[in-house]
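Asks:
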Amino acid sequence: MGDLAHARPFARRETLGERRLTGLVQPVQQQIQGASPVSADPRRPGEVGLPETRHSGAASNDAIAKPRPAFRVVPAMPWENHFLDALDAADAERLRPDLVLTDLARNQLLDEAGRPMAHVYLPVDCILSVLTVMKDGAQVESRTIGRESGYGLLQALGAPISYERTLAQVAGRAWRAPLASLRQAAEESSAVREAIVRHAQASLLQAAQSTACNTLHRVEQRLCRWLLLTEDRLASETLPLTQEHLAIMLGVQRTTVTAAASQLQERGVIAYTRGKIRVMDRPALTRCACECYEAIQRGASLMLAEPVD
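Take any residue in the sequence shown, note its place counting from 1, add 77, and you have its number in my numbering.
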């Protein structure tokens with residue numbers, strides 16, 4: 078099999094109040110402070126190319142074949158990023174002078190575990206991949222970030238250190254701002270602090286669900302879940318993904334990915350050509366995916382979408 082082969086976004090919410098906010102921030106900071114650095118990629122942030130790596134329940138029905146509002150592309154988004162577009166005008170103006178629209182290349186390294194963080198990235202049409210790396214170089218994806226959120230948000234409330242490897246999974250644009258600018262905005266605005274905490278909650282939920290998924294579910298189920306989330310974020314049926322990249326993201330051998338993708342293609346669920354996967358039958362892909370796809374979508378909707386009275 079040659080190289081394998083993009084998907085949809087959050088909305089605004091009312092203030093929870095300083096008392097509840099404090100209770101949310103402290104546990105999240107404790108989790109971050111308790112983490113430990115992992116082995117470093119020899120590349121510096123900004124360099125392109127995948128590092129050399131050594132690898133050591135189906136969805137219920139077609140009702141979830143369409144993405145929930147948390148991942149849906151919506152009109153009238155001037156920033157084209159849900160974190161920024163959910164801020165009111167005053168809070169957006171705090172950040173505007175320091176925001177730069179940046180082109181990210183595929184596999185461009187943004188941060189390495191244990192290194193100080195300098196910038197926050199808020200995707201527009203790219204997807205970021207956050208990887209947990211072992212001492213022997215093996216790595217597995219813990220979560221992905223698209224236009225629904227951003228990378229480095231939580232560090233604006235805590236230690237400015239990266240605890241994972243982060244790279245651009247799919248090339249595209251992202252708003253970049255100095256971490257110090259977001260920290261200052263959070264100090265000046267309770268609404269910005271609340272938005273950061275909500276996004277951090279969703280990020281932790283996705284990481285926890287991915288951990289369970291990687292342990293308990295079959296490779297084919299995990300691959301389907303991953304393809305669905307990627308399609309949602311890019312709002313496209315064609316996904317620019319290679320066999321090597323999929324193996325790294327799923328933490329498995331390339332031959333294992335080849336076998337799983339071949340079975341899906343034989344059933345008409347996907348089609349692949351060199352460097353690309355096309356989703357041919359989304360309802361079938363949803364049925365093949367594990368429950369984690371719906372769990373991640375539901376969690377993101379609850380934490381990041383407009384509260385329902």
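Even for Gly, the Cβ is constructed at its ideal location relative to N, Cα and C. Just so we're clear, the structure is a prediction, and the values are computed from it rather than from any experiment.
(1) Please say whether Gln298 and Ala366 have beta carbons closer to each other than 7 angstroms?
(2) Assuming Ile204 is part of the alpha helix (DSSP H), what are its boundary residues?
(3) Going by beta-carbon coordinates alone, are Val247 and Cys301 separated by less than 7 angstroms?
(4) In whole angstroms, what is the alpha-carbon distance linking Ile222 and Leu256?
(5) By the 10 Å Cβ neighbour count, where 16 or more other Cβ atoms means buried, how is Pro200 classified, buried or exposed?
(6) Per DSSP, Ala245 is paired with what?
(7) Contact check, Val217 vs Asn291 under 8 angstroms by CB: the rounded distance?
(8) Which partner residues does Ala263 have in the DSSP bridge list?
(9) Could you spell out where the beta strand (DSSP E) holding Ser239 opens and where it closes?
(10) Could you tell me which residues DSSP puts in a beta bridge with Val197?
(11) If we call anything under 7 angstroms between Cβ atoms a contact, is Ala233 one with Leu259?
(12) Rounded to a whole number of angstroms, what is the C-alpha to C-alpha distance between Tyr370 and Ala377?
(13) Taking only three categories from DSSP, how would you classify Arg351?
(14) Pull up the distance between the alpha-carbon of Phe160 and that of Ala167, whole angstroms please.
Replies: Reading off the structure:
(1) Residue 366 sits at position 289 when you count from the first residue of the sequence shown. Residue 298 sits at position 221 when you count from the first residue of the sequence shown. For Ala366 and Gln298, yes; Cβs fall inside 7 angstroms.
(2) Counted from its first residue, the sequence shown places residue 204 at position 127. No alpha helix (DSSP H) holds Ile204; the beta strand (DSSP E) holding it covers Ile204 to Val210.
(3) Reading the sequence shown from its first residue, position 170 is the one you call residue 247. Reading the sequence shown from its first residue, position 224 is the one you call residue 301. Contact check for Val247 against Cys301 fails: the beta carbons are separated by 7 angstroms or more.
(4) Taking the first residue of the sequence shown as position 1, residue 222 is located at position 145. Taking the first residue of the sequence shown as position 1, residue 256 is located at position 179. Each residue's alpha carbon lies about 17 angstroms from the other.
(5) In the sequence shown, the residue the question calls residue 200 occupies position 123. Label assigned to Pro200: buried.
(6) Position 168 of the sequence shown, counted from the start, is the residue given in the question as residue 245. Leu205.
(7) As a first step, residue 217 must be located in the sequence shown, where it is residue number 140. As a first step, residue 291 must be located in the sequence shown, where it is residue number 214. Right, the Cβ-Cβ distance comes to about 6 angstroms (below 8 angstroms), so this counts as a contact.
(8) Taking the first residue of the sequence shown as 1, we reach residue 263 at position 186. None; Ala263 has no bridge partner.
(9) By 1-based counting over the sequence shown, the position of residue 239 is 162. It is not in any beta strand (DSSP E) - Ser239 carries neither H nor E in the DSSP assignment.
(10) For this step, residue 197 is matched to residue 120 along the sequence shown. Answer is Ala254.
(11) Here residue 233 corresponds to residue number 156 of the sequence shown, with the count starting at 1. Here residue 259 corresponds to residue number 182 of the sequence shown, with the count starting at 1. In this structure, Leu259 lies closer than 7 angstroms to Ala233 by Cβ.
(12) Taking the sequence shown and counting its residues from 1, one reaches residue 370 at position 293. Taking the sequence shown and counting its residues from 1, one reaches residue 377 at position 300. Rounded to the nearest whole angstrom, the C-alpha separation of Tyr370 and Ala377 is 11 angstroms.
(13) Residue mapping note: residue 351 aligns to position 274 of the sequence shown, counting from 1. Coil, per DSSP.
(14) On the sequence shown, residue 160 is found 83 positions in, with the first residue counted as 1. On the sequence shown, residue 167 is found 90 positions in, with the first residue counted as 1. For Phe160 and Ala167, the distance between alpha carbons rounds to 14 angstroms.
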